Amino acid sequence: MQFARTPAARARVRAISVSPHMNKMTITSIALATVLTLAACNSQHSSTTSQTQDSGQTASRHVEFVADSAFAFLKAQCDMGPRVPGTAAHSACVAYITDKLTQWTDTVVTQSAPVTTFDGQTLTAHNIMGRINPQATTRILLLAHYDCRPWADKDEDPAKQRQPVMGANDAASGVAVILELARIMSNNKPDIGIDMLMVDAEDWGDYDNEDSWALGTQLWARNHKQLLGQDYAPTFGILLDMVGARGARFAPEYFSTQYAAGIVQLVWDTAHEAGYGAFFTQDGGGAVTDDHVVINTIAAVPCIDIIDMRGDGFFDGWHTTHDTIDAIDPATLKAVGQTLSQLIYNY
Ligand code: 1BN
Ligand code: ZN
């Protein structure tokens, strides 16, 4: 369902959202609650759209992010096995993501090219982007990596450290949240453009070599203008990494705050307004050289990372054989997905 807002109204919402001095909650809380609900069904799940409007021009649009649907997309990836580059499971995941984005977005743009890993392997990296409203100039780039780490080298059992990581959280969760957003947007077109980029070869890295990570994103960032046009310039980007674990805590990450403080503020404010403040905390975040650093430094797009960081480390199962579906809580997927839905529909 579309709700037409005037450009002035949209500009007001955006200005309120990004300002650290004003609180959008005060705006939405004074709104007269005129709730229109419709059931937008597809074969698997239903979603609900509603809107709240006050006597002036401010409006907020609510589109339900269905956590069970996101969980099903996460499980489908895990059922393939660890999606390590070069394996059949990885190829199956490329086909799965391409199929879903083809169903739910306006255009799919793929990119495949060789990349060289720190240990001298040549991989063919496949990046897959689904685009909604490709002509819109105001655009948000959402990205997540889908590949799994070849070695569970942080496992407490040395005998398991050469096994691949299942990557339920460290890979599948970010993809699952973005796929569910794609599905709900196929039923409820947003006013702005959205680019959903699933990147490859993030996790075949060496802890002592920062540049050895995010190889798929490096490939995309170096070539994205050839791929998408010289004018391609998303307004900002949001990376989702490890967004599904039970007990997750998302604190502002250091590089995100350095490059895109206003976007961090917008996302954290939106999460609090949506009722997920317990997940989106203010303290405890560290610095992570993740895909978003490449998007900032090579593609020159301001980009933040929503990543589960607790104290000095990540979730307990990070790069271990415990990063399985048992570590996942649909409530965490919901907190991140609903926050992003509200951000997208009210930007
Ligand atoms: C995130 C998830 N990363 C890997 N899996 C990036 C990273 C690289 C984090 C090195 C810490 C150290
Ligand atoms: Zn990883």
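Anchor point for the sequence shown: position 291 equals 290 in numbering that gives the first Met the number 0, and the numbering is continuous, going up by one each time. Positions of the beta carbon are idealized from the N, C-alpha and C atoms, including for glycine. The model shown is predicted, which means the values in this text are computed figures rather than measured ones.
Span separating the alpha-carbon of I96 from that of P251: 29 Å
DSSP three-state assignment for A244, whether helix, strand or coil: strand
CB of V242 within 8 Å of CB of T331, strictly: yes
8 Å contact criterion, which I82 and A170 should meet: CB distance rounded: With the sequence shown as reference, residue 82 is identified as Arg, and Ile is not the correct amino acid for it. R82 to A170, Cβ: 6 Å. Contact.
Per-residue burial, K224 [other beta carbons within 10 Å of its own, 16 or more giving buried]: exposed
Touch test, the region 226 to 243 against the region 319 to 335, Cβ-Cβ under 8 Å, three pairs minimum: yes
Ligand 1 heavy atom lying under 7 Å from the CB of K176: The amino acid at residue 176 is misidentified as Lys; the sequence shows Val. No, the beta carbon of V176 sits no closer than 7 Å to any heavy atom of ligand 1.
Limits of the beta strand (DSSP E) - the one that P113 falls within: 106 to 115
Among Q217, G129, S255, G204, the one whose alpha carbon lies nearest that of L196: G129
Burial state of H20, where buried means 16 or more other Cβ atoms lie within 10 Å: Note that H20 has pLDDT 26, beneath the 50 cutoff, so the model's placement of it is unreliable and the number below is only indicative. Result: exposed.
Inter-stretch contact (C-beta, 8 Å, three-pair minimum) for the region 109 to 129 and the region 205 to 219: yes
Cα-Cα separation, R60 to R161: 47 Å
Endpoints, the alpha helix (DSSP H) within which A151 is located: Unbroken run through A151: none, as it is neither H nor E.
Near ligand 1: V287 beta-carbon under 7 Å from a heavy atom: yes
Whole-number beta carbon distance between I297 and A220, since they are thought to touch under 8 Å: 4 Å
Which of helix, strand or coil DSSP assigns to I297: coil
When F278, I324, L342, G316 are compared against A151, the one with the closest alpha-carbon: G316
Neighbourhood of F2 by C-beta distance below 7 Å, restricted to the same chain and skipping five residues each side: Note that F2 scores 26 on pLDDT, short of 50, meaning its location in the model is unreliable and no value can be drawn from it.
Among V300, H271, G310, D290, the one whose alpha carbon lies nearest that of G283: G310
Secondary structure of N126, DSSP reduced to three states: strand
Beta-carbon proximity of C147 to P163, cut-off 8 Å: yes
M165 versus D67, W267, L73, residue with shortest Cα-Cα distance: L73
W103 beta carbon less than 8 Å from that of A200: no
Through-space distance from A273 to M24, alpha-carbon basis: Bear in mind that the predicted position of M24 carries a pLDDT of just 27, short of 50, making it too unreliable to give a figure here.
Rounded separation between D190 and A135 - CA only: 8 Å
N- and C-terminal bounds of the alpha helix (DSSP H) containing H61: Not the alpha helix (DSSP H): H61 falls in the beta strand (DSSP E), residues 58 to 62.
CA-to-CA distance, P329 to A66, given in whole angstroms: 6 Å
Alpha-carbon spacing of R138 relative to R245, whole angstroms: 31 Å
Candidates A270, S172, I193, T216, of which the one nearest T234 by Cα: I193
N126 to N222 span [Cα, whole Å]: 11 Å
Cβ-Cβ separation, V108 to Y344 (assumed contact under 8 Å), whole Å: Actually they are not in contact, since the Cβ atoms of Y344 and V108 sit about 24 Å apart, beyond 8 Å.
Beta carbon of V174 nearer than 8 Å to that of Y206: no
Three-state class that DSSP yields for V287 in the structure shown: coil
Span separating the alpha-carbon of G312 from that of A71: 27 Å
Per-residue burial, V120 [other beta carbons within 10 Å of its own, 16 or more giving buried]: In the sequence under discussion, the amino acid at residue 120 is Gln, which differs from the Val named in the question. Flag for Q120 reads exposed.
C-beta contact flag for P84 and W203 at 8 Å: yes
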